[in-house]
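Worksheet: one structure, shown below.
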Amino acid sequence: MGRTIAQKIIAAHLLSGEMIPGHEIALRIDQTLTQDATGTMAYLEFETMGIDRVRTELSVAYIDHNTLQCGFENADDHRYIQSVAKKHGIRFSRPGNGICHQVHLERFGIPGKTLIGSDSHTPTGGGIGMLAFGAGGMDVAVAMGGGAYYITMPKMFKVNLTGRLRPFVTAKDISLEILRILSVKGGVGAIIEWGGEGIASLSVPERATITNMGTELGATTSIFPSDEVTRAFLKAEGREADYAPLASDPDAEYDRVIDIDLSTLEPLIACPHSPDNVKKVSELKGVKVDQVCIGSCTNSSLLDMLKVAALLKGKTIDPSVSLSISPGSKQVLGMLAKSGALNDILQSGARVLECACGPCIGMGFSPNSAGVSLRTFNRNFLGRSGTADAGVHLVSPETAVAAALTGYVTDPRLLGEMPAVSLPEAFLLDDTAVLLPAPPEEAKDVEVVRGPNIKPFPASRPVGDTIRAGLTLKVGDNITTDHIMPAGAKILPYRSNIPHLSQYCFGVCDPTFPERAKAAGESIVVGGVNYGQGSSREHAALVPLYLGVRAVVAKSFARIHVANLINSGILPLTFVHPEDYDRLNQGDTLSLEGIHAGMDAGSITLLDETTGERFELACAFTQRQKDMLKAGGLLAYTKEVSDK
Ligand code: MIC
Ligand code: SF4
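In structure tokens form, the structure reads like this:
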């Protein structure tokens, strides 16, 4: 039987395990990336491993999330990351150089290579034919040390594109269409390969928009073939030598095939508060818009920005609207400046923000009270913008401009003719903002700089044979890591300070949780389906661990989060009978007994001591995961293994 693109890359990087869907496999990782909000923790973890130099082909540390610097915390973390990178052979992308995924695509992505990043949108690299995964910081630390990355062998989905997009319909609308079809959990356990004759008309940045938002489907990752379009992009980046063709075999088999005729698509919009709450833009016609934000790792490429500039040229935005534009990288901003397009943007009344995540993660530019915000981003989870009652919608850059010009949700096709925009044959190349590490012989003299915001990790706790704990929080379906451990300008600077962060844990669901959890000592949290969807932040596991959470019982889990729970030594269990969820009440006292034998048998009984009822819970841990849980998480386990 032929192979899919992902199966080919997996086979070439397989260290152990069988490529059978559902089985655990270990992969060799060629490249890693970190960003600063997860990076500080990842490098602290890496340092505990006592390895002098990273053992990957390439590791890059980006600074792009925490760039507001309202106090000393971020600047200190930047200095820490810069020094640790210099010491251990990691390249350092300075603040201002751009959003990790955009810069990585431009300067480092290579078709056929494996990449893991401590950011859930690392699959952006699939746009250039990389097999790229979002992962928790600990997994990235292990990969930097030359260790394997473990995943469950995914199923293979194929999306076949036919036809061609009509004017004002974009790659973002393709992403929203697949979210409409599959929902935020429809990609769980699958790798999505994009193919069909329709992909020939999609440039690498457009493909990257699509693989970026595959994360919102819950997919393990997404990938495009590497073809002449890929070659042209790499050539324009001065990296044609990195090109390698990559395609699936004609007889490759897929678990599911979805056909989309591009010529039938219309401009789409995801309504609050979920990326899969998708409607046609025309259905929301006339809704008043207060704010428009263009940028983020989804839509900040040069192509996006040139289109935006062309549409804004010679026009002024509606006085009632506030418009922000964050170009994705220094390369993009430099080329906008050189071509004069930046001036077209500025003259329209837009506010140009720095090349960083910015408003996407609530780092400034929060909407007004109850404001309607149209954003070209990938997530519109409740509270993420920094304004609790804002209504955040996700749209394409074209639809964003239409709203900025008119003040209302407007079908961009009403703007008239789409100006012709194309990518240049050569990009502006200047890598001076990517600092090189010290050579090995000098690295030993590099001093790692640690600020006072860096606090110790929460103590690891081995999972014993019994857990007796209060059900301190019961939450519903699709709980995101933004619910569990919110981000935003007030909290994000404390990513290396778990005690401080803990005050905000589950703040979106129940601000009393931290106090109640501390009072209870030990807790079990109960959730619905797709618990922990969204970001890769391991803080959504480490902070609950700090607050005494010993187990999470849910109907189902999101991939990265469940790995982070196990890495942190928190026991994730699923209901065998999902309806049992309704019979558990917040405040009950729960106990789990015979955990070790249960882990071997694949099922553990939960006793609700308050009601006397018993429930059957499932677990399907590999030996490695069981050992990790019994050791108290990945770091303790790694230490145990290396001490033997
Ligand atoms: C996000 O988009 O939610 C983030 C912020 O980039 C996160 C990482 C983090 O929380 O630091 C992600 O997507 O993994
Ligand atoms: Fe940054 Fe937003 Fe992309 Fe996360 S989704 S990496 S916050 S731009």
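Here our numbering is used: the first residue of the sequence shown is 1, the next is one more, and so on.
Where a beta carbon is used, it is the ideal one built from N, C-alpha and C, also for glycine.
{"Asked": "Between the CA atoms of residue 495 and residue 394 - distance to the nearest angstrom", "Found": "27 Å"}
{"Asked": "Residues that DSSP places opposite residue 160 in a beta bridge", "Found": "195 and 259"}
{"Asked": "Nearest-angstrom Cα separation, counted from residue 53 out to residue 440", "Found": "8 Å"}
{"Asked": "Inter-residue spacing [alpha-carbon to alpha-carbon] between residue 257 and residue 159", "Found": "6 Å"}
{"Asked": "Which of helix, strand or coil DSSP assigns to residue 499", "Found": "helix"}
{"Asked": "Outcome for residue 555 when other beta-carbon atoms lying within 10 angstroms are tallied against a minimum of 16", "Found": "buried"}
{"Asked": "DSSP three-state assignment for residue 90, whether helix, strand or coil", "Found": "coil"}
{"Asked": "Beta-carbon gap between residue 348 and residue 102 smaller than 8 Å", "Found": "no"}
{"Asked": "Per DSSP, cross-strand counterpart(s) of residue 98", "Found": "329"}
{"Asked": "Beta-carbon contacts of residue 429 that lie in its chain and below 6 Å, excluding the five residues immediately before and after", "Found": "238"}
{"Asked": "Alpha carbon of residue 334 to alpha carbon of residue 201, nearest angstrom", "Found": "26 Å"}
{"Asked": "Within 8 Å, strictly: CB atoms of residue 27 and residue 15", "Found": "yes"}
{"Asked": "Paired residues, beta bridge with residue 352 - DSSP", "Found": "325"}
{"Asked": "Cutoff 7 Å; reference residue 633; Cβ partners in own chain excluding five residues on either side", "Found": "460, 567, 568 and 569"}
{"Asked": "Continuous alpha helix (DSSP H) stretch holding residue 565: start and end", "Found": "559–568"}
{"Asked": "Residue list, Cβ distance to the ligand MIC heavy atoms smaller than 5 Å", "Found": "37, 38, 119, 120, 361, 535, 536 and 537"}
{"Asked": "Length of the line joining the Cα atoms of residue 573 and residue 596", "Found": "13 Å"}
{"Asked": "Beta-bridge partners of residue 34, as assigned by DSSP", "Found": "61"}
{"Asked": "Reference residue 622, options 17, 427, 6 and 163, closest by Cα", "Found": "17"}
{"Asked": "Secondary structure of residue 283, DSSP reduced to three states", "Found": "helix"}
{"Asked": "C-alpha distance - residue 488 paired with residue 302, whole-angstrom precision", "Found": "26 Å"}
{"Asked": "Nearest neighbour of residue 320, chosen from 276, 368, 357 and 345 [CA to CA]", "Found": "368"}
{"Asked": "For residue 503, the nearest candidate out of 542, 186 and 361 (CA to CA)", "Found": "542"}
{"Asked": "beta-carbon residue 301 near the ligand SF4 non-hydrogen atom, thresh 7 Å", "Found": "no"}
{"Asked": "C-alpha distance - residue 72 paired with residue 516, whole-angstrom precision", "Found": "31 Å"}
{"Asked": "Opening and closing residue of the beta strand (DSSP E) in which residue 474 lies", "Found": "467–474"}
{"Asked": "Touching by the beta-carbon criterion (3+ pairs, under 8 Å), the segment 543–550 and the segment 112–130", "Found": "no"}
{"Asked": "Straight-line gap, residue 409 to residue 281 (C-alpha atoms, nearest Å)", "Found": "7 Å"}
{"Asked": "Residue 381 beta carbon near the ligand SF4 (any heavy atom closer than 7 Å)", "Found": "no"}
{"Asked": "Whole-angstrom distance between residue 22 and residue 242, CA atom to CA atom", "Found": "33 Å"}
{"Asked": "Local conformation of residue 654 per DSSP, three classes", "Found": "Because the chain spans 1 through 644 in this model, residue 654 falls outside it and cannot be assessed."}
{"Asked": "Residue 396 CB to nearest heavy atom of the ligand SF4 below 7 Å", "Found": "no"}
{"Asked": "DSSP bridge partner residues for residue 117 (one or two, in chain order)", "Found": "33 and 134"}
{"Asked": "C-beta contact flag for residue 308 and residue 419 at 8 Å", "Found": "no"}
{"Asked": "Rounded separation between residue 407 and residue 287 - CA only", "Found": "9 Å"}
{"Asked": "Boundaries of the alpha helix (DSSP H) in which residue 397 is found, first to last residue", "Found": "397–406"}
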